[in-house]
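Colleague:
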């Protein structure tokens, strides 16, 4: 079976791929459907047309009816959920019922499952687990390297195939990568792939980016699509081509144009984030850094230490949340705090200079502000943040930001962290070593 | 129209409510469908039966066909997305097409929209915005207090009503609360509500909780459902009743049983988290705290400072990520680090004792471990974490945790933070003031 799913994108008569998420917890709103998003992204990358998604509860008749319905309009159905051992797990049975097919035990699977659960076997009813060994006769098994519930690839009728996965994201993803990717490539791709390259921006808003590239946003191949999320703007360039090489060739001129237009606003690509880019740059320069945090209360440090390898350049921080600790740990004189207030350019600058010395680092960032929701005044409103960066040769950069009182506490903290990281990145750029 | 949606929950012939999410970005996997989750949760709380969700791209014919299909099997359809001014926004037109209905301009809406965009009107084509004023004649408008795109409540045929909302979550939620909640209560509820109360657990796994309450998990009203997420276990007790008072009466005996069974493992309810509970307890005791963090690199501090009001009890931290700073900021003798290694009970305990003094706090928590993925050895594997808590009257508690090498860096950091917070909570419980 080799079906062309990529043609006539806008013809509703074209068959395609559907995703069906099974689980009452989704209908109750207990969890967000991250599986559907993840699979959608994978399908885009594989270049197969995916037209529709459905979500249904753990109800035998409803599942069975819906699968029958999907089999009339699609070539390929990917299901997640309902493969486990409990009475609520009904997916395989319901699928079989849709096509009046019986289920048969696969003895080797039972042996495998028993091995997998050997440790805690006493607490598991063998009868319920055994359910996971039953499949239609012609179904091909998708091995589950991370759990006990296998999935299947089954073509119950000509031109319609079902792939089943468990609802646990880590199991689903491992099985997808091990089995589904190659299967879909081989059977459902028309030879074209979609390939994306994402440019990441900092220090510029989505509308400012979009306005400048009106013409690029209208391109058909590659397409250029903007995304924005709390201080971070991304442009995803997606090409449809015979292979990655051709796709990259389509993407390159657009990317070059964007890099020329936005130069230093672009901090990285794809999986880069501000912290990883900054750590990389400091490693290259063989320089270290550390922080004196007040209103961000550790978020700046933890954003850096999330990155593996950060210990090569990050030495540590002083979280001086109280004025008392600004004095005792950072040697900020009490009279200065009384004169200017803890949230001021003067205090931030003193924090940066003293932190640089106390932490014995090449670069220090200090931050003092009002994250709210309380503590704001008319002169110093919620969202007011002072940032100071101290570096080699008495370098000092002072910044004042007003994030606006419509932002909540955590947003103000996160935006402050972004500004800190991006500011140091820009300083390093203009102080090349 | 007053339709009972709550009866015969498992009869697939029962009509109910459906959610339709419209947007090609969902099919491409660019964003996760958080709107569907939010609305599902709202529908649960309203006690209406919600059987199915669909997602479709920005394609006129496909949307129109799908809406026709849904109108044959449901009483109420809630759509999100596709109400904006761009050519991709097709929801209202496609719905009208499903029922061969024309759209008419509402002049007062155009006046309102013009007022809303006055600031940036120059950059917006008026013709595209005008689209947002066109609705079927009989449709009732849902005012959008946060944006320009209104929604509608429309009953295109007897027994089938459509509610439309924009895809922007903040707009959708504001409109839902202002208009939809009352409308659904009045027209689609059978007078019963669902009311939930969630108990939160720490220091115990999901399976250990589930095993002990096998009988409670089988209850029908209220139902008891377990959820687990990286070191946190929740039990949601949901009652169906005439009103909140009755629901609470149904929930109370189950809750009492659980509190008796699990006592100190239950740290809070509903919106509580470990940090807010701990801050509340310290405020009550008029005690302060601070940290000496190594492997968590600021995450423990930032977990506390996310909570508004934390400054009343949290004074600050020393993030001694390097051994050098463990010596200079926390006075840990170099020979001790050489003798035991930075990741050891001895160093963690010294960090806690010295941090208590340096930060001048009543309670200090120190943490030193190997978050990975590198830096592990056979004796000290990735996931090994030492925690020490120092308190009044020379109180010292030392803990050793091995989180296992299958956990990634951020998971090990987050689990460590949970253990720190829960351990101090338990210490406070047994050291009542």
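Protein chains in written order, with the working numbering: chain V, 7 to 439; chain L, 7 to 439.
Where a beta carbon is used, it is the ideal one built from N, C-alpha and C, also for glycine.
For residue 234 of chain L, decide whether its Cβ has a neighbour in chain V, counting only Cβ atoms nearer than 8 Å.
Modeller: For residue 234 of chain L, the answer is no, since every Cβ of chain V falls outside 8 Å of its Cβ.
Colleague: Can you tell me whether residue 84 of chain L is buried or exposed, with buried defined as 16 or more other CB within 10 angstroms of its CB?
Modeller: Residue 84 of chain L is buried by the Cβ-count criterion.
Colleague: Who pairs with residue 58 of chain V in a beta bridge, going by DSSP?
Modeller: For residue 58 of chain V, which the question treats as bridged, DSSP gives the partners V:24, L:62.
Colleague: For residue 105 of chain L versus residue 172 of chain L, is the C-beta spacing smaller than 8 Å?
Modeller: Going by C-beta atoms, residue 105 of chain L is not nearer than 8 Å to residue 172 of chain L.
Colleague: Looking at the secondary structure, which residues open and close the beta strand (DSSP E) in which residue 161 of chain L lies?
Modeller: Residues 157-163.
Colleague: Take residue 57 of chain L as the anchor and find which of V:49, V:59, V:68 has the nearest alpha-carbon.
Modeller: Here the closest residue by C-alpha is V:68.
Colleague: Can you give the beta carbon distance from residue 228 of chain L to residue 244 of chain L, rounded, assuming they're within the 8 Å contact cut?
Modeller: Right, their Cβ atoms sit about 6 Å apart.
Colleague: Can you tell me where the alpha helix (DSSP H) with residue 283 of chain L in it begins and where it stops?
Modeller: Note, residue 283 of chain L: alpha helix (DSSP H), 280-291.
Colleague: Since residue 175 of chain L and residue 40 of chain L should fall inside the 8 Å C-beta cutoff, what is the C-beta to C-beta distance between them, to a whole number of angstroms?
Modeller: The Cβ separation is near 6 Å, so the contact holds.
Colleague: Thinking C-beta only, is residue 147 of chain V closer than 8 Å to residue 140 of chain V?
Modeller: No, they are not a contact pair.
Colleague: Could you tell me whether the Cβ of residue 61 of chain L comes closer than 8 Å to any Cβ of chain V?
Modeller: True, the Cβ-Cβ gap to chain V drops below 8 Å.
Colleague: Could you name the residues of the region 291-314 of chain V whose beta carbon sits closer than 9 Å to any beta carbon of chain L, in the order they occur along the chain?
Modeller: Within the region 291-314 of chain V, the residues whose Cβ lies closer than 9 Å to some Cβ of chain L are 294, 296, 297, 299, 300, 301, 302, 303, 304, 305, 306, 307, 308, 309, 310, 311, 312, 313, 314, listed in chain order.
Colleague: Quick one: is residue 48 of chain V buried, meaning 16 or more other Cβ sit within 10 Å of its Cβ, or exposed?
Modeller: Flag for residue 48 of chain V reads buried.
Colleague: Tell me which residues of the region 314-329 of chain V have at least one Cβ-Cβ distance to chain L shorter than 9 Å, keeping chain order.
Modeller: If the cut-off is 9 Å between Cβ atoms, the region 314-329 of chain V has 314, 315, 316, 317, 320, 321, 322, 323, 324, 325, 326, 327, 328 near chain L.
Colleague: Going by beta carbon distance, what residues of the same chain come within less than 6 Å of residue 250 of chain V, once the five residues before and after it are set aside?
Modeller: 201, listed in sequence order.
Colleague: Within the 8 Å Cβ cut-off, does residue 379 of chain V reach chain L?
Modeller: Chain L contact via Cβ: present.
Colleague: Closer than 8 Å, Cβ to any Cβ of chain V: which residues of the region 44-76 of chain L, in chain order?
Modeller: If the cut-off is 8 Å between Cβ atoms, the region 44-76 of chain L has 44, 45, 46, 47, 48, 49, 50, 56, 57, 58, 59, 60, 61, 62, 63, 65, 67, 68, 71, 72 near chain V.
Colleague: If we count the other Cβ atoms within 10 Å of its Cβ and call it buried at 16 or more, is residue 166 of chain L buried or exposed?
Modeller: Under this definition residue 166 of chain L is a buried residue.
Colleague: Would you say residue 249 of chain V reaches chain L, if we count a Cβ-Cβ gap shorter than 8 Å as a contact?
Modeller: With 8 Å as the cut-off, residue 249 of chain V does not count as an interface residue toward chain L.
Colleague: Going by beta carbon distance, what residues of the same chain come within less than 6 Å of residue 134 of chain V, once the five residues before and after it are set aside?
Modeller: Contacts found: 91.
Colleague: Pick helix, strand or coil for residue 406 of chain V, following the three-state DSSP scheme.
Modeller: Residue state, collapsed to three classes: strand.
Colleague: Using a Cβ-Cβ cutoff of less than 8 Å, which residues in the same chain neighbour residue 197 of chain V once the five nearest sequence positions on both sides are dropped?
Modeller: Cβ neighbours of residue 197 of chain V beyond the five flanking positions: 248.
Colleague: Closer than 7 Å by C-beta to residue 429 of chain V: which residues in its own chain qualify, once you throw out the five before and the five after it? Chain order, please.
Modeller: Same-chain partners within the cutoff: 393, 395, 403, 405.
Colleague: Under a three-way DSSP split, which group does residue 261 of chain L fall into?
Modeller: Reduced to three states, the DSSP call for residue 261 of chain L is helix.
Colleague: Got a sec: is the Cβ-Cβ distance from residue 187 of chain V to anything in chain L below 8 Å?
Modeller: So no, residue 187 of chain V is outside the interface.
Colleague: Hey, is the region 58-67 of chain V in contact with the region 19-29 of chain V, meaning 3+ C-beta pairs nearer than 8 Å?
Modeller: These segments touch.
Colleague: Is there at least one Cβ from chain L nearer than 8 Å to residue 40 of chain V's Cβ?
Modeller: Closer than 8 Å to some Cβ of chain L, the Cβ of residue 40 of chain V qualifies, so yes.
Colleague: Alpha carbon to alpha carbon, how far is residue 361 of chain V from residue 345 of chain L? Give it in angstroms, no decimals.
Modeller: Looking at the two C-alpha atoms, the distance is approximately 29 Å.
Colleague: Note down, one range per segment and in chain order, each beta strand (DSSP E) of at least 3 residues found wholly within the region 164-229 of chain L.
Modeller: Entirely contained in the region 164-229 of chain L, the beta strand (DSSP E) runs reaching 3 residues are, in chain order, 166-171, 199-208.
Colleague: Does the region 261-275 of chain V come close enough to the region 329-349 of chain V that 3 or more CB-CB pairs lie under 8 Å?
Modeller: With a cut-off of 8 Å, the region 261-275 of chain V and the region 329-349 of chain V do not count as touching, because too few Cβ pairs lie within range.
Colleague: Near residue 432 of chain V, which residues of its chain fall below 8 Å by C-beta distance, leaving aside the five closest residues on each side in sequence?
Modeller: Closer than 8 Å at the Cβ level, and outside the excluded window around residue 432 of chain V, lie 209, 270.
Colleague: Pair every Cβ in the region 276-292 of chain L with every Cβ in the region 308-315 of chain L, then say whether three or more of these pairs are closer than 8 Å.
Modeller: Yes, the region 276-292 of chain L is in contact with the region 308-315 of chain L.
Colleague: For residue 87 of chain L, count neighbouring C-beta atoms within 10 Å of its own C-beta (all shown protein chains included) and say buried if the count is 16 or more, exposed if not.
Modeller: Result: buried.
Colleague: Buried or exposed, going by whether 16 or more other CB atoms sit within 10 Å of the CB of residue 33 of chain V?
Modeller: Under this definition residue 33 of chain V is a buried residue.
Colleague: Buried or exposed for residue 143 of chain L, please, with buried defined as at least 16 other CB atoms from any protein chain shown within 10 angstroms of its CB.
Modeller: Its Cβ having fewer than 16 others within 10 Å, residue 143 of chain L is exposed.
Colleague: Between which two residues does the beta strand (DSSP E) carrying residue 239 of chain V extend?
Modeller: Start and end: 238-247.
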